[in-house]
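Asker: For reference, each letter of the sequence shown is one residue, going 8 to 368 in this note's numbering. Every residue, glycine too, gets a C-beta built ideally from N, C-alpha and C. The structure presented is a predicted model; accordingly, all values stated were derived computationally and were not measured. Mind having a look at this structure? Questions to follow.
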Amino acid sequence: MKNLFVVVTPFHLMTSFILMKSIFADDENYLALLHPHGYDRWQDEKLMNYLASKDAGYKAVYPLIKWFKTGSGSYAKQADDVKKELGAVGFDQLFLGGDYELQTQMLVAALGKTSFYRIEDGLNSYTNSNPCRPWYHALFHLLKMHIIKMRAGIKSDLKFNTKCFACSEAATRDYMYKPEIMTRKSPCPIAIDKMMVKQAVEDLSAHDLLKPVFTEDTVIYLSQPLVEQGRLKQETELNALRLMLKTIKPGTKFLFKPHPNDKREKIDEYKKALPELTVYDSKVPVEFLYAAEPNLKAIVSYQSSALMFRNIFTDADIKMISLAEIYGNSLQKEYFQVMAKAGVVFPTSEAELQDLLAQIS
């Protein structure tokens, strides 16, 4: 079988690698990098370079960095180029990290496919509670996609999804880390289990790309662009960081891991206000750290998907803590239920958060 993994985020890249190294290891696998998040920084890290290269085991890697983006040139030429290069391979199966973006669906259409497999896309993969477009917005975007398809000279019967994440009628399977906690329907859920993750981790370890570097007990705060989105006040997040730095025991390291969509100005202001704050600006998916770092003791965030998959990547007792209930950014009901089923802890007060962090030895 010839498989094409279409990647937009580092999380997609990790999941594609795990699938490629496990249940699809005997297939001929290809990778398409579709305007990937933070791609300009991937070259700074050996592990990310490896995951996105032929060295990882892919037959070929296609960097479609500006595919169907505004200002990227003629849609027709882009479609023709893809048909000639990728279409000539004759892929049997396409794997998409998301089924909602115009660009990913247009690639499926350009390759003449009418179905695909979904791969894990984090929290949005588990529920359809994320705000869906009203029917008239969905219709507008559907018309827009058909116009773009026509301008690009793409002839396809692919059913486009313009409603919400994980709603595409063209998806025929879901490869998920925890399909048992989904609140939405799936045409065919398939679990990505610990053994599959282990095979991928062993490959990275064999290439000396995944090894422990934390020499002391460590707590990581996974930032999310909630301030940038207007969902959280900057001073509120700053105060939360100040509280956690004050609470953790001496000898425990506290790391601030930025999100790719965090503004550099915000991070600089946090560093100025909290000189003791250590910024850990790695692009490596934090889930791989669960498998490699015995001194990693806790992950703190709001609604990051990384909070959900600890026990798929390690048997270590790493605390997974969400601040969503403390700082007025409560999750939608189904999001809360899914994360709670995954073992995420939701302290309801700063005092409870301090108690949790104080338990870290």
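Which whole-angstrom value is the C-beta distance of Val286 and Ile274, which I expect to be below 8 Å?
Answerer: 6 Å between Cβ atoms; contact.
Asker: Mind pulling the alpha helix (DSSP H) runs of 4 or more residues that sit fully within the region 186-244?
Answerer: Entirely contained in the region 186-244, the alpha helix (DSSP H) runs reaching 4 residues are, in chain order, 201-213.
Asker: Can you tell me which residues form a DSSP beta bridge with Lys326?
Answerer: Beta-bridge pairing links Lys326 to Ala305.
Asker: Does the distance from the CB of Arg125 to the CB of Arg48 come in under 8 Å?
Answerer: Their beta carbons are not under 8 Å apart, which means Arg125 does not touch Arg48 by this criterion.
Asker: Note down, in chain order, each residue of its chain lying with its Cβ closer than 7 Å to the Cβ of Val96, except the 5 sequence neighbours on either side.
Answerer: If we look at Val96 and ignore the five residues flanking it on each side, its Cβ neighbours are Lys9, Tyr37.
Asker: Taking 8 Å as the cut-off, does the region 10-27 touch the region 104-111 (at least 3 CB pairs, one atom from each stretch)?
Answerer: With a cut-off of 8 Å, the region 10-27 and the region 104-111 count as touching, because enough Cβ pairs lie within range.
Asker: Could you check whether the Cβ of Asp200 sits closer than 8 Å to any Cβ belonging to chain C?
Answerer: Any reference to chain C falls outside this structure, which holds one protein chain only.
Asker: For Val115, which of Gln100, Asp128, Lys66 has the nearest alpha-carbon?
Answerer: Among Gln100, Asp128, Lys66, the Cα nearest to that of Val115 belongs to Gln100.
Asker: On the DSSP bridge list, what partners appear for Ala39?
Answerer: In the DSSP output, where bridge partners are listed per residue, Ala39 has Val13, Tyr69.
Asker: Measure the CB-CB distance between Pro219 and Ala299 and report whether it falls below 8 Å.
Answerer: Cβ atoms of Pro219 and Ala299: closer than 8 Å.
Asker: In whole angstroms, give me the CA-to-CA distance for Tyr182 and Thr190.
Answerer: Straight-line Cα distance between these residues: approximately 15 Å.
Asker: Please confirm whether Phe263 and Leu245 have their CB atoms less than 8 Å apart.
Answerer: No; because the gap between Cβ atoms is not below 8 Å, this pair is not in contact.
Asker: Give a yes or no on whether the C-beta atoms belonging to Leu93 and Leu58 are separated by under 8 Å.
Answerer: Not closer than 8 Å, so no.
Asker: Considering only C-alpha positions, which residue in the set Asp51, His144, Thr77, Glu341 is nearest to Ser132?
Answerer: Ranking the options by Cα distance to Ser132, first place goes to Glu341.
Asker: Quick check on the DSSP output: the alpha helix (DSSP H) that includes Tyr46 runs from which residue to which?
Answerer: Its alpha helix (DSSP H) spans residues 46-49.
Asker: Among residues of its own chain, excluding the 5 on either side of Arg317, which ones have a beta-carbon nearer than 6 Å to its beta-carbon?
Answerer: The answer, listed in chain order, is Tyr297, Ile325, Met327.
Asker: Using the C-alpha atoms, what's the distance from Lys73 back to Ser79?
Answerer: Whole-angstrom Cα-Cα distance: 6 Å.
Asker: Smallest Cα separation from Gly237: which of Tyr228, Asp269, Ile255?
Answerer: That would be Asp269, whose Cα lies nearest to the Cα of Gly237.
Asker: Which residue marks the beginning of the alpha helix (DSSP H) containing Ala347, and which one marks its end?
Answerer: Segment 340-348, the alpha helix (DSSP H) holding Ala347.
Asker: Should Tyr143 be labelled buried (16 or more other beta-carbon atoms within 10 Å of its own) or exposed?
Answerer: Exposed.
Asker: Which whole runs of the alpha helix (DSSP H) in the region 247-289 are 4 residues long or more, in chain order?
Answerer: Within the region 247-289, the complete alpha helix (DSSP H) runs of at least 4 residues are 271-280.
Asker: Please check the pair Tyr184 and Ile319, which I expect to be a contact at CB under 8 Å, by giving their CB distance rounded to whole angstroms.
Answerer: The Cβ separation is near 5 Å, so the contact holds.
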